[in-house]
Amino acid sequence: MSTNISKKKRDDLLDKIKQIRAFIAAAPQDENTGNLLSYLSELEKDVNGKKYGLVFEEHREKIDEVLDTHTPVLSEEKDLFIDNGGQMNFLIEGDNLASLKLLEKTHKGKIDLIYIDPPYNTGKKNDEQGGGFIYDDAFVDENDMFIHSKWISFMDKRLKIAKKLLSKDGVIFISIGKEENAPLRILCDEIFGEKNILGQIVRRTKTTSFRGNYFALRLDYILCYCGGNVFPKKFMDVTDKSKYTKIETEGRYKGEAYKDDTAFYLSTLETRPNQRYWIECPDGELVIPPGETFPLHNCDGEKATPNNGDGVWRWEVEQYKLKKEYLSFKKTSRSPLLTPTGEKAHWNVYTKSYFCEKESDGNIPTELLLDFINRSGTKELKELDINFLFPKPSALIAYLIQITNKRKNIMILDFFAGSGTTGHAVMKLNAEDGGTRRFILCTNNENGICRDVTYERIRRVIDKEDYAASLKYYKVDYVPISDRMYYEYADELLRHIRELVELENGINFTGNEEIAIVLTEDELAAFIADKDRFAKCRRLYMGHDLLPDEEQEAALFQNKIDVSIIPDYYYRDLQEG
111 MSTNISKKKR DDLLDKIKQI RAFIAAAPQD ENTGNLLSYL SELEKDVNGK KYGLVFEEHR
171 EKIDEVLDTH TPVLSEEKDL FIDNGGQMNF LIEGDNLASL KLLEKTHKGK IDLIYIDPPY
231 NTGKKNDEQG GGFIYDDAFV DENDMFIHSK WISFMDKRLK IAKKLLSKDG VIFISIGKEE
291 NAPLRILCDE IFGEKNILGQ IVRRTKTTSF RGNYFALRLD YILCYCGGNV FPKKFMDVTD
351 KSKYTKIETE GRYKGEAYKD DTAFYLSTLE TRPNQRYWIE CPDGELVIPP GETFPLHNCD
411 GEKATPNNGD GVWRWEVEQY KLKKEYLSFK KTSRSPLLTP TGEKAHWNVY TKSYFCEKES
471 DGNIPTELLL DFINRSGTKE LKELDINFLF PKPSALIAYL IQITNKRKNI MILDFFAGSG
531 TTGHAVMKLN AEDGGTRRFI LCTNNENGIC RDVTYERIRR VIDKEDYAAS LKYYKVDYVP
591 ISDRMYYEYA DELLRHIREL VELENGINFT GNEEIAIVLT EDELAAFIAD KDRFAKCRRL
651 YMGHDLLPDE EQEAALFQNK IDVSIIPDYY YRDLQEG
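Going by the numbering used here, the letters in the sequence shown line up with residues 111 to 687, in that order.
Quick look at the structure:
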């Protein structure tokens with residue numbers, strides 16, 4: 111019988127605390143005894159704390175201090191607006207913890223997919239394996255005794271909000287290096303749930319490398335979790351359409367692209383008796399996969415006989431009866447198939463794979479990725495004349511989006527946007543498959559990265575490829591709230607409501623005659639009085655506390671204007687506080 115030694119030690123310590131508490135409670139009570147009892151309660155709470163999981167030194171960042179006394183708001187950089195039709199996307203410049211807190215107001219439970227590429231925390235500047243880590247404007251090098259706990263503390267706060275943003279079947283992918291792979295896995299198990307891990311992908315980062323003390327470094331990892339209480343549908347590998355070179359000429363798939371796959375494969379037949387049967391070819395010849403012994407009857411429609419052969423058809427006999435139209439026959443003198451007499455057959459048999467079906471019924475993806483090396487990402491930026499160290503290739507992000515097998519109109523978030531690879535991948539994928547996916551990118555502006563790299567990449571890609579995509583550029587600002595009543599700064603917050611409405615609904619008020627926003631009674635009256643503007647408007651976003659009078663209600667109804675009430679949850683938490 112095993113003994114939990116740690117539990118025994120905790121129980122002994124709790125018993126001692128109980129005895130001390132009883133002794134203090136029996137003594138004359140004053141301020142000191144009250145304080146001692148309070149201290150004991152804190153000790154008891156610590157003793158009863160976490161028993162298993164990731165234990166780390168918690169650190170507060172400068173942004174935590176700012177958020178204690180300020181509330182974040184968004185301000186648009188209107189000169190940086192990119193208007194090229196298509197979906198409205200967003201780039202937010204600022205500390206990503208503040209950005210996430212704003213997104214928690216507008217996108218809680220609405221993000222379908224998150225991809226992030228946080229710093230790998232190698233302890234080395236400009237390290238090609240993923241880079242070092244800047245914490246509170248200071249580089250955390252490998253000699254910092256809190257190098258790991260600072261990183262985990264930093265990620266913990268952000269991932270907890272990320273979980274709230276994910277839809278009920280939402281998925282998050284996190285790229286990471288060997289330095290923090292293990293602790294990140296434990297952290298994600300705690301935040302998303304140990305059973306919610308969908309996989310850990312191993313990615314080859316380069317084809318050749320001779321750096322490293324004991325092994326050449328050529329790998330990193332991608333953790334994948336589902337964030338809600340519903341598991342996503344089965345992942346599906348990406349199908350290469352270029353391999354589907356034939357066009358069907360008859361039947362229900364007439365006009366569809368297809369390819370021929372070999373109809374049999376090698377197997378231990380004792381475990382697959384129903385995949386060994388005769389198939390009749392167009393001239394009546396019966397064929398079977400190669401093997402050592404042969405059934406003496408045609409198993410079309412009958413149960414196959416087990417034998418010691420080494421070849422089986424792809425399908426069991428019941429599937430074969432239902433899918434005969436998927437077979438393709440080719441007459442050849444080099445067929446690997448056999449006849450009932452054990453001679454070489456004159457036909458080879460193939461199964462048709464239609465591209466239109468593979469799009470929704472493909473193979474599950476592998477956890478080993480060999481084709482998305484970092485050099486491809488560097489080449490992409492070089493072609494755009496942008497300098498950035500070790501970006502991920504956009505093909506990698508596009509692949510991760512595709513294998514989730516989600517709709518083509520999902521919302522995608524990257525709150526470590528870096529060079530903007532995720533935005534590039536989303537626009538490219540939409541152009542390829544006609545999708546209407548949208549993205550939100552968040553990054554700070556350290557060394558001008560947001561303005562000069564992230565934004566510039568998106569702008570240049572749209573110009574170069576003429577992607578049907580638009581982008582709004584927001585900056586995180588802060589409104590002081592410490593020692594002020596809500597009504598004292600409410601008007602300041604009101605000036606930033608427009609951006610939150612745009613962000614939540616994926617719209618643009620500027621220069622758009624079909625939508626409008628009113629937040630005060632004066633704005634509502636002015637809007638209705640502007641006959642030209644009023645006549646062209648189709649949707650009005652109205653503050654939740656506005657009450658139009660009967661005349662205004664009638665005017666909105668007669669002009670067939672849909673009214674959307676702006677939610678009060680944007681800043682409700684402040685009012686309640």
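Every residue gets a Cβ at the ideal spot worked out from N, C-alpha and C, and that includes glycine.
Computed from a predicted model, the values in this text were never measured in an experiment.
List the DSSP bridge partners of residue i.
| i | result |
| --- | --- |
| Ile625 | Arg649 |
| Ala579 | Gln197 |
| Asn458 | Lys440 |
| Pro590 | His180 |
| Cys560 | Note: Cys560 sits in no beta bridge, so no partner. |
| Ala373 | According to DSSP, Ala373 bridges with nothing at all. |
| Asp524 | Leu551 |
| Glu203 | Thr553 and Lys585 |
| Cys334 | Phe283 and Gly309 |
| Tyr464 | Tyr368 |
| Val397 | Ile389 |
| Ser674 | Tyr651 |
Rounded to a whole number of angstroms, what is the C-alpha to C-alpha distance between residue i and residue j?
| i | j | result |
| --- | --- | --- |
| Gly144 | Asp205 | 42 Å |
| Gly394 | Leu376 | 25 Å |
| Leu478 | Val312 | 5 Å |
| Gly338 | Met265 | 19 Å |
| Ala326 | Phe320 | 5 Å |
| Ser209 | Ala132 | 49 Å |
| Leu657 | Val628 | 12 Å |
| Asn458 | His258 | 60 Å |
| Glu252 | Asn231 | 9 Å |
| Gly558 | Lys585 | 13 Å |
| Lys434 | Pro450 | 20 Å |
| Lys188 | Val611 | 16 Å |
| Leu223 | Gly528 | 17 Å |
| Tyr599 | Asp655 | 17 Å |
| Pro229 | Arg605 | 35 Å |
| Phe256 | Ala248 | 13 Å |
| Arg120 | Ile173 | 36 Å |
| Met198 | Asn618 | 8 Å |
| Ile127 | His169 | 28 Å |
Please state whether the Cβ-Cβ distance between residue i and residue j is less than 8 Å.
| i | j | result |
| --- | --- | --- |
| Glu690 | Glu186 | Residue coverage of the chain in this structure runs from 111 to 687, which leaves residue 690 outside it and unanswerable. |
| Ser445 | His456 | yes |
| Gly616 | Arg548 | yes |
| Leu184 | Val157 | no |
| Cys336 | Gly401 | no |
| Thr546 | Asn515 | no |
| Asp330 | Ile513 | no |
| Ile296 | Gly163 | yes |
| Met521 | Ile332 | no |
| Glu614 | His217 | yes |
So, for residue i: in the same chain, excluding its five sequence neighbours on each side, which residues have a beta-carbon less than 7 Å away from its beta-carbon?
| i | result |
| --- | --- |
| Lys353 | Lys369 |
| His180 | Tyr588, Val589, Pro590 and Ile591 |
| Cys466 | Glu366 |
| Thr531 | Gly487, Pro501, Lys502, Ser504 and Ile507 |
| Val673 | Leu650, Met652 and Leu666 |
| Pro677 | His654 |
| Lys343 | Asn515 |
| Tyr679 | Lys215 |
| Glu631 | Leu656 |
Quick one: what's got a C-beta closer than 6 Å to residue i's C-beta in the same chain, skipping five residues either side?
| i | result |
| --- | --- |
| Asp385 | Sequence inspection shows Gln at residue 385; the Asp mentioned does not correspond to that position. The answer, listed in chain order, is Val422, Trp423 and Glu426. |
| Leu269 | Ile301 |
| Gly533 | Phe549, Leu551 and Ile568 |
| Tyr245 | Lys260 |
Beta-carbon within less than 8 Å of residue i's beta-carbon, same chain only, minus the 5 sequence neighbours each way: which residues are those?
| i | result |
| --- | --- |
| Asp576 | Asn194 |
| Asn554 | Glu203, Gly204, Asp205, Asn206 and Cys560 |
| Glu214 | Ile271, Lys274 and Leu275 |
| Ile483 | Arg314, Thr315, Lys316, Thr317 and Pro503 |
Checklist entry - What runs of the alpha helix (DSSP H), each 4 residues or longer, lie entirely inside the stretch 150 to 185? => result 172 to 179
Checklist entry - Residue ranges of each beta strand (DSSP E) run of no fewer than 3 residues wholly in the stretch 471 to 503, ordered along the chain? => result none
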